[in-house]
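Q:
In the numbering used here, the protein residues as written are 485 to 935.
1) Can you say whether residue 744 is buried or exposed, counting buried as having 16 or more other CB atoms within 10 angstroms of its CB?
2) For residue 505, which of helix, strand or coil comes out of DSSP?
3) So for residue 927, helix, strand or coil by DSSP?
4) How many angstroms separate the CA atom of residue 718 from the CA atom of residue 775?
5) Please determine, among 668, 802, 707, the residue with the shortest C-alpha to C-alpha distance to residue 643.
6) Checking 8 Å against the spacing of the C-beta atoms, do residue 658 and residue 580 come in under that value?
7) From this set, 779, 716, 818, which residue's C-alpha is nearest residue 759's C-alpha?
8) So, at 6 Å on beta carbons, what are the nonlocal neighbours of residue 800 in its own chain, with the 5 sequence-adjacent residues on each side left out?
9) Can you tell me whether residue 935 is buried or exposed? The criterion is at least 16 other CB atoms within 10 Å of its CB, across all chains shown.
10) So does the region 857 to 876 actually touch the region 820 to 839, counting three or more Cβ pairs closer than 8 Å?
11) Comparing the C-beta of residue 796 with each C-beta of chain C, is any distance below 8 Å?
12) Give a yes or no on whether the C-beta atoms belonging to residue 814 and residue 837 are separated by under 8 Å.
13) Measuring alpha carbon to alpha carbon, tell me which residue in 725, 869, 716 is nearest residue 692.
14) Using a threshold of 8 Å, state whether the C-beta atoms of residue 510 and residue 531 are closer than that.
15) Please classify residue 920: does DSSP put it in a helix, a strand, or coil?
16) Apply the 10 Å Cβ neighbour rule to residue 505 and answer buried if 16 or more other Cβ atoms are within range, or exposed otherwise.
17) Which residue from 672, 515, 578 puts its Cα closest to that of residue 607?
18) According to DSSP, simplified to helix, strand and coil, what is residue 728?
19) Roughly how many whole angstroms lie between the Cα atoms of residue 654 and residue 648?
20) Classify residue 836 as helix, strand or coil using the three-state DSSP reduction.
21) Just to confirm the assignment, what range does the beta strand (DSSP E) spanning residue 703 have?
22) Suppose contacts are defined by Cβ-Cβ distances below 8 Å. Is residue 784 in contact with residue 756 by that definition?
23) On the three-state DSSP scale, how would you describe residue 716?
24) Using C-beta distances below 8 Å, list every residue in its chain close to residue 868, excluding the 5 sequence neighbours before and after it, in chain order.
25) From residue 894 to residue 835, what does the alpha carbon distance come to, in whole angstroms?
26) Count the C-beta pairs between the region 605 to 623 and the region 694 to 704 that are closer than 8 Å, then say yes if the count reaches three, no if not.
27) Just tell me which of 497, 548, 535 has its CA closest to the CA of residue 523.
28) Which residues in the same chain have their Cβ closer than 7 Å to the Cβ of residue 683, if we skip the five residues on either side of it in sequence?
29) Taking the continuous alpha helix (DSSP H) assigned at residue 633, which residues delimit it?
30) I'd like to check one pair, residue 780 with residue 812: are the Cβ atoms closer than 8 Å?
31) In this structure, does DSSP put residue 544 in helix, strand or coil?
32) Can you list, in chain order, the residues of its chain with a C-beta nearer than 7 Å to that of residue 628? Leave out the 5 residues immediately preceding and following it.
33) Determine the extent of the beta strand (DSSP E) in which residue 850 is found, giving its start and end residues.
34) Buried or exposed: residue 731, going by 16 or more other Cβ atoms within 10 Å of its Cβ?
35) Identify, in the order they occur along the chain, each residue of the same chain with its Cβ nearer than 6 Å to the Cβ of residue 625, setting aside the five sequence neighbours on each side.
36) Can at least three beta-carbon pairs, one atom from the region 843 to 857 and one from the region 873 to 888, be found at a separation below 8 Å?
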């Protein structure tokens, strides 16, 4: 027990010493839930594999090392607009950056967003729009139920606010790039708050990159409020390195007839644990929840999802695919809950996995809990190797074995990429995945970060 507490103790001491500094460099709406969140963290401690929800990823061990934190908010000497030239061909975006866990506001994109749309640093926006942030911040992310969310809420000082007013359509996709930059082993705590009012529409692409070859630990909490008749796409693309650990908790609440697409793609990482919790709170809401992971070496990717059908006449489609090579480990646990009053629910959950070697490991746990009788629900999971008949067929037609294997892997994950509702991004990902399957480091064109 004392060893377990030691992991938490360094952060308990740190918070006690630095609470005033943390608050001073943040904003009142973010400070308001901080003390209660920290008390929740102290009570729970970091998750261990003894907890059902975290049984495939031992979170606590990754917080043991000594990491640097920028609690005093010293400026990082980098202009991401100069070092990061990662344009997706044929896709014009409004491009923003978070450097470690601070929104970069020294330079901002020239092309303006529609009137009334806010996209900016959470700390700055919480000072400018305190009532808006207070109304939504930390309302979905329940610190009493998840210690990572509690830890993030206690230590986070900045982040991103995205707000789209009623009936406003943001035609141009918004791109947010998270850059990890440090000379020592470093921890960042990021926060994202997304609010789409009634009838609003927007698309957000979030990319994770690491500039330096040190150990990074990133915690991230994203809250998404999609009100009635809104349409929102969130694409997350992780391309970091093998010394990066990422814990990301995504909470989504959907109003009536809203349509949300979530697609999380792990192309290069160290250890990743993504938690996604969706509540369908208004009739006619639809969620498409997709994910993909390509892992090799000793990489670890764990996705834990839950979709709560709280009301009748809602639709959920879930699709996750993994390709695991070498000694990599994948995990997927997906819960679909249909509450007693949620009649006429339509839900489909699919998890398909390829283990390219005998040493790769995949753990899959699809779950359906249905308390209503007039529903259409299905779920299925498979773990297998490449189809030997297909390999034989391709080799009989003169395709080398290595190339045939690559083509089959590539075709396997294409289904997830095809859910993307942005053609230019879809094309870009086809290329990135093909390069990743070939073992090439997925360098973005003209990007000095990856070189």
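In this text, a Cβ means the ideal position worked out from N, Cα and C, and glycines have one as well.
Since we're looking at a predicted model, the values are computed, not measured.
A: In this structure, then:
1) Against the chain shown, residue 744 aligns to sequence position 260. Its Cβ being crowded by 16 or more others within 10 Å, residue 744 is buried.
2) Counting from one through the chain shown, the residue named residue 505 turns up at place 21. Looking at residue 505 - three-state DSSP - the assignment turns out to be helix.
3) Residue mapping note: residue 927 aligns to position 443 of the chain shown, counting from 1. Annotation note: pLDDT 43 at residue 927 (below 50); position unreliable, no value reported.
4) Residue 718 sits at position 234 when you count from the first residue of the chain shown. Residue 775 sits at position 291 when you count from the first residue of the chain shown. Cα to Cα, the separation comes out at about 11 Å.
5) Locating residue 643 in the chain shown gives position 159, counting from the first residue. Closest by alpha carbon: 707.
6) As a first step, residue 658 must be located in the chain shown, where it is residue number 174. As a first step, residue 580 must be located in the chain shown, where it is residue number 96. Contact flag set, yes.
7) Here residue 759 corresponds to residue number 275 of the chain shown, with the count starting at 1. Here the closest residue by C-alpha is 818.
8) To locate residue 800, count along the chain shown from 1; it is residue 316. Here the set comprises 771, 791, 831.
9) Here residue 935 refers to the residue found at position 451 when the chain shown is read from its first residue. Note that residue 935 scores a pLDDT of 42, beneath 50, so its modelled location is shaky; the value from the coordinates is reported in the next line. Under this definition residue 935 is an exposed residue.
10) yes
11) The structure shown contains no chain C; it holds only a single protein chain.
12) Your numbering for residue 814 matches position 330 in the chain shown. Your numbering for residue 837 matches position 353 in the chain shown. Yes, Cβ-Cβ distance for residue 814 and residue 837 is below 8 Å.
13) Locating residue 692 in the chain shown gives position 208, where the first residue counts as 1. Ranking 725, 869, 716 by Cα distance to residue 692 puts 725 first.
14) Translated into the one-based positions of the chain shown, residue 510 becomes position 26. Translated into the one-based positions of the chain shown, residue 531 becomes position 47. Cβ distance not < 8 Å, so residue 510 and residue 531 don't count as in contact.
15) Indexing the chain shown from 1 puts residue 920 at position 436. Residue 920: helix per DSSP, three-state reduction.
16) One-based indexing of the chain shown puts residue 505 at position 21. It counts as exposed.
17) Numbered from 1 along the chain shown, position 123 holds the residue referred to as residue 607. Considering only alpha carbons, the answer is 515.
18) The sequence position of residue 728 within the chain shown is 244, counting from 1. DSSP places residue 728 in strand when its eight states are reduced to three.
19) Indexing the chain shown from 1 puts residue 654 at position 170. Indexing the chain shown from 1 puts residue 648 at position 164. So the alpha carbons of these two residues sit roughly 8 Å apart.
20) Locating residue 836 in the chain shown gives position 352, counting from the first residue. The answer is strand: DSSP assigns residue 836 an E or B state.
21) By 1-based counting over the chain shown, the position of residue 703 is 219. Element bounds for residue 703: 700 to 710.
22) Within the chain shown, residue 784 is the residue found at index 300, counting from 1. Within the chain shown, residue 756 is the residue found at index 272, counting from 1. It is a contact, given that the beta carbons lie within the stated cut-off.
23) One-based indexing of the chain shown puts residue 716 at position 232. Reduced to three states, the DSSP call for residue 716 is strand.
24) In the chain shown, counting from the first residue as 1, residue 868 sits at position 384. Once the five neighbours on either side are set aside, the close Cβ partners of residue 868 are 837, 838, 839.
25) Residue mapping note: residue 894 aligns to position 410 of the chain shown, counting from 1. Residue mapping note: residue 835 aligns to position 351 of the chain shown, counting from 1. Looking at the two C-alpha atoms, the distance is approximately 16 Å.
26) no
27) For the purposes of this step, residue 523 is taken as residue 39 along the chain shown, with counting starting at 1. If we check each option's Cα against that of residue 523, 497 comes out closest.
28) The sequence position of residue 683 within the chain shown is 199, counting from 1. Same-chain partners within the cutoff: 650, 651, 713, 714.
29) Your numbering for residue 633 matches position 149 in the chain shown. Counting along the chain, the alpha helix (DSSP H) containing residue 633 begins and ends at 631 to 639.
30) Position 328 of the chain shown, counting from 1, holds the residue named residue 812. Position 296 of the chain shown, counting from 1, holds the residue named residue 780. It is a contact, given that the beta carbons lie within the stated cut-off.
31) If you number the chain shown from 1, residue 544 lands on position 60. Residue 544: helix per DSSP, three-state reduction.
32) Stepping through the chain shown from its first residue, residue 628 is reached at position 144. Excluding positions up to five away in sequence, the list reads 524.
33) Locating residue 850 in the chain shown gives position 366, where the first residue counts as 1. Here the beta strand (DSSP E) through residue 850 covers 845 to 854.
34) Within the chain shown, the letter at position 247 stands for residue 731. Result: buried.
35) Residue mapping note: residue 625 aligns to position 141 of the chain shown, counting from 1. Cβ neighbours of residue 625 beyond the five flanking positions: 633, 705, 707, 735.
36) no
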